[in-house]
Structures are given as structure tokens and as C-alpha cells.
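In what follows, a single structure is set out as C-alpha cells and then discussed.
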Amino acid sequence: MVRLEDIQSFFRGWVAANEPMVRYTSMRVGGAADFYLEPADKDDMVALVKFLDANAVPWMMVGRGSNMLVSDEGIRGAVINAESAISNVSLEGGIVTAEAGVRLNRFVDFCIQHELAGVEMLAGIPGTVGGAVVMNAGAHGGEISDHLVDIEVLRNGSIQWIDKAAAKFSYRRSGLEHDAVLSARFKLTKGNKEKLAHQRRELILKRNQTQPLELPNSGSMFKNPPNTFAAKLIEQAGLKGKRVGRAEISEKHANFIVNLGDAKAADVVRLLELARRTVYQNTGLMLELEVKLVGFSDDVKRKFA
Ligand SMILES: Cc1cc2nc3c(=O)[nH]c(=O)nc-3n(C[C@H](O)[C@H](O)[C@H](O)COP(=O)(O)OP(=O)(O)OC[C@H]3O[C@@H](n4cnc5c(N)ncnc54)[C@H](O)[C@@H]3O)c2cc1C
193 MVRLEDIQSF FRGWVAANEP MVRYTSMRVG GAADFYLEPA DKDDMVALVK FLDANAVPWM
253 MVGRGSNMLV SDEGIRGAVI NAESAISNVS LEGGIVTAEA GVRLNRFVDF CIQHELAGVE
313 MLAGIPGTVG GAVVMNAGAH GGEISDHLVD IEVLRNGSIQ WIDKAAAKFS YRRSGLEHDA
373 VLSARFKLTK GNKEKLAHQR RELILKRNQT QPLELPNSGS MFKNPPNTFA AKLIEQAGLK
433 GKRVGRAEIS EKHANFIVNL GDAKAADVVR LLELARRTVY QNTGLMLELE VKLVGFSDDV
493 KRKFA
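For the sequence shown, the numbering used here assigns the number 193 to the initial residue and increments by one for each residue that follows.
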């Protein structure tokens with residue numbers, strides 16, 4: 193069993209044992225991770241991952257925790273947050289390179305400032321570039337993978353550049369889920385700064401009007417089935433406002449579950465099961481989770497397979 197001191201003997205970043213994940217997820221639920229680590233820089237991160245692999249400690253990356261639901265039992269192994277280690281964004285030779293820890297809003301702003309179009313639809317999504325690439329985040333018909341060239345990953349202990357085609361992007365998924373994404377390169381098109389800034393303002397305004405941003409949440413819980421919207425199906429099932437414990441299917445947007453304060457992950461899971469079952473009974477459509485379940489037993493994960 194790896195001890196905190198073993199990690200501290202070489203690790204230059206910040207490490208905590210038994211760290212509550214409520215602090216690092218936008219839904220603000222979930223138990224503690226065995227280890228929570230913020231590497232000092234990229235070298236520190238590579239050394240850390242090699243050490244964890246060598247000692248058979250499971251690890252995962254976290255960005256802003258805005259697309260994950262962590263179980264009440266927490267996470268066995270290590271959770272790595274790259275925000276302080278790798279968060280530069282730069283433009284060279286017409287290519288924007290954004291490191292994994294860059295927040296999406298900063299990335300969008302950088303592109304707009306440089307009159308580059310193609311990622312403005314991501315404005316208002318509260319994640320990092322790393323999380324967005326792995327999730328293939330998108331909105332308003334566009335996805336982050338649209339203008340991606342390639343992705344720098346830590347895979348099997350070595351740093352590699354993966355072509356977009358090899359990353360196997362699909363709707364809110366990628367083939368990068370077992371890697372640590374370090375950075376991504378984008379080739380964007382020429383845009384007009386004022387128009388792009390206006391578009392961004394409008395999109396953020398729309399989000400404020402339609403999403404329950406005043407309460408902790410994880411964004412859309414389910415993917416939209418082809419040709420329809422999960423929110424519409426859940427609303428038609430009469431589930432808006434339905435509560436389990438301190439979790440509620442939002443009155444404002446039925447594909448959001450909000451934490452009314454001290455909700456448990458188990459409450460959220462029960463609402464997810466209810467929504468999925470009721471929509472299936474009503475329409476024959478089985479909703480697929482968009483949010484990532486982290487730290488749950490295989491039994492719980494199987495329910496949503
Ligand atoms: C209010 C709200 C609105 C939202 N709106 C949208 C929307 O319009 N469109 C949309 O697509 N999503 C939306 N989301 C969901 C979420 O913000 C996005 O999926 C976002 O891209 C996740 O980024 P993150 O950094 O928070 O990732 P996290 O939630 O921290 O992680 C998500 C997954 O990515 C992995 N991951 C994170 N960083 C890395 C890395 N560096 N390397 C490897 N794996 C990594 C994690 O292990 C996890 O599996 C919304 C969420 C909220 C709360």
C-alpha cells in the first residue's frame with residue numbers, strides 16, 4: 193500500500209490524503225479520494241503517473257469536475273488535477289495550443305481576442321480543455337473536436353501526440369478516457385472579433401436564462417437521443433421538480449439535477465434511475481448517461497449500461 197510519505201518523497205506539487213471530492217465537483221456531492229494531487233508542472237505529473245502505475249495505484253484525471261458524479265463512498269486511488277501544472281494557451285503559425293488545465297472560458301476568450309472562430313459555442317461551459325476534449329464537449333451543433341488537429345497525451349507512461357482521427361471522437365465521448373490529456377492543438381478559421389464576442393454574450397445569456405446555474409449541478413445528466421431532447425422527454429414524463437433527499441430534477445431544465453444542499457450521490461442516482469425508467473416506459477427510448485459515474489460499484493454502473 194502506497195503511503196502519503198512515499199509520494200511526498202519525490203512529488204513537488206500539492207497532495208492530500210482522504211480528500212473530500214465535494215470540493216472539486218460542480219454537483220458538490222461525493223466521498224473522499226484516497227489521494228488528491230496537483231502536480232507542480234508537467235515533469236512532476238509524468239513522474240507521478242509513472243510512480244502510480246509502478247505501484248498499481250489506480251488514478252484518474254479531474255478538471256473542474258463539472259461532468260462527473262462521485263459516489264458517496266469516494267474514489268479508491270488517486271485523483272490528479274492538472275490545472276496548476278499545465279494551463280497555458282498560445283498561438284503560433286495559425287495553430288492554437290491549449291493545455292489541459294486551461295478553463296474553457298479562457299480558451300474561448302483567447303480565440304476571440306485573436307479573431308479566431310470555431311470554439312465560441314463552448315462559452316459558458318464550466319470545464320477545462322482537458323475535460324472538454326475527453327468528453328468531446330459541445331453545444332449549439334458544434335463540438336470541441338470539430339477544429340482539433342491533435343492531442344498530447346500521457347499514455348502507457350510516455351508522452352505521445354494522437355491524431356484527431358485516432359482519438360475516436362463521438363457524441364460526448366472519445367477514445368482518450370484512459371489517458372491523461374496534456375494539451376490539444378486547434379486550427380480555427382478567421383473570424384470577426386466583435387461578432388464573435390456578441391455571439392458569446394448571447395450564448396451565455398441564454399444559458400443563464402435556461403439553466404439552473406444558481407444551484408450546484410453537473411450540467412446535462414443524459415445525452416440527447418437522436419432527433420429529440422432528454423430534457424423534453426423527462427419533462428413530458430412529469431418529473432420536473434421531483435425530489436429524492438436533497439436532490440431535485442430541476443424545475444428550470446429537466447435534464448439537470450440540482451443539489452439543494454447536502455444531497456447524497458445516492459439521491460442523485462435514484463433520480464437518474466427514475467428518469468430513465470419513466471422515459472423508457474413512456475416512449476420506449478432508453479436514455480444514456482452523459483455524466484460520468486465515478487467511484488460507483490459495478491452494480492450501479494451496470495444499471496446505466
Ligand atoms: C452548468 C453546466 C453546463 C454545462 N454545459 C455543457 C454543454 O453545453 N456542453 C457540454 O458538452 N458539456 C456541458 N457541461 C458538462 C461539462 O462542463 C463538460 O463536459 C466539460 O467539458 C467537463 O470539463 P471538466 O474539466 O469539468 O471535466 P471533469 O468533469 O473534471 O471530467 C470529465 C471527464 O474527463 C476526464 N478528464 C478531465 N480532465 C482530463 C485530462 N486532463 N485528461 C484525461 N481525462 C480528463 C475525467 O476523468 C472525467 O472522466 C456542463 C456542465 C455544467 C455544470
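Cβ coordinates follow ideal geometry from the N, Cα and C atoms, glycine included.
{"Query": "Inter-residue CB distance, Ala270 and Asp226 (contact presumed, cutoff 8 Å)", "Result": "7 Å"}
{"Query": "First through last residue of the beta strand (DSSP E) which encompasses Glu291", "Result": "287-291"}
{"Query": "Pick from Ala208, Arg215, Gly383 that is closest to Phe302, judged by C-alpha positions", "Result": "Gly383"}
{"Query": "Contact the segment 363-372 vs the segment 322-340: 3+ CB pairs below 8 Å", "Result": "yes"}
{"Query": "Rounded Cβ spacing between Val483 and Asn259 (contact assumed at less than 8 Å)", "Result": "6 Å"}
{"Query": "Proximity test, Pro318 beta-carbon vs ligand 1 heavy atom, cut-off 6 Å", "Result": "yes"}
{"Query": "Inside the segment 219-293 only - alpha helix (DSSP H) runs reaching at least 4 residues", "Result": "234-246"}
{"Query": "Own chain, CB closer than 7 Å to Ala239, minus 5 neighbours either side, in chain order", "Result": "Phe202"}
{"Query": "Ser337 - DSSP class collapsed to helix/strand/coil", "Result": "helix"}
{"Query": "With 16 other Cβ atoms within 10 Å as the buried cut-off, status of Leu244", "Result": "buried"}
{"Query": "Whole-angstrom C-beta distance between Ala446 and Leu464, which should lie under 8 Å", "Result": "So it is not a contact: roughly 12 Å between Cβ atoms."}
{"Query": "Cβ neighbours of Met499 in the same chain (closer than 8 Å, five flanking residues each side left out)", "Result": "Not covered by the structure: residue 499. The range shown for the chain is 193 to 497."}
{"Query": "Assumed close pair Ala274, Asn297 - CB separation to whole angstroms, cut-off 8 Å", "Result": "Going by Cβ atoms, the distance from Ala274 to Asn297 rounds to 17 Å, so no, they are not a contact pair."}
{"Query": "Run of the alpha helix (DSSP H) containing Ala372, from where it starts to where it stops", "Result": "No alpha helix (DSSP H) contains Ala372, which is instead part of the beta strand (DSSP E) from 372-379."}
{"Query": "Unbroken alpha helix (DSSP H) run spanning Glu386, endpoints", "Result": "385-402"}
{"Query": "Proximal residues to Thr402 (C-beta, below 8 Å), its chain only, five neighbours per side dropped", "Result": "Lys444, His445"}
{"Query": "Among Val281, Thr320, Glu291, His339, the one whose alpha carbon lies nearest that of Ala309", "Result": "His339"}
{"Query": "Heavy atom of ligand 1 within 6 Å of Asn297 beta-carbon", "Result": "no"}
{"Query": "DSSP beta-bridge partners of Thr320", "Result": "Arg295"}
{"Query": "Per DSSP, the bridge partner or partners of Ala208", "Result": "Tyr228"}
{"Query": "Coil, strand or helix - Val325 by DSSP", "Result": "helix"}
{"Query": "Cβ pair Asn280, Glu291 closer than 7 Å", "Result": "yes"}
{"Query": "Contact under 7 Å by Cβ, Ile449 with Met413", "Result": "yes"}
{"Query": "Cβ-heavy atom distance, Gly487 to ligand 1, below 6 Å", "Result": "no"}
{"Query": "From Val300, Leu452, Gly349, residue whose alpha carbon lies closest to that of Glu335", "Result": "Val300"}
{"Query": "For Asn409, the residue or residues it bridges with in DSSP", "Result": "Val450"}
{"Query": "Cβ contact check for the segment 373-391 and the segment 451-459: 3 or more pairs under 8 Å", "Result": "no"}
{"Query": "Leu196 versus Gly349, Tyr228, Glu344, Ala457, residue with shortest Cα-Cα distance", "Result": "Tyr228"}
{"Query": "Straight-line gap, Lys398 to Arg392 (C-alpha atoms, nearest Å)", "Result": "10 Å"}
{"Query": "Proximity below 7 Å, CB of Ile426 to CB of Ala458", "Result": "no"}
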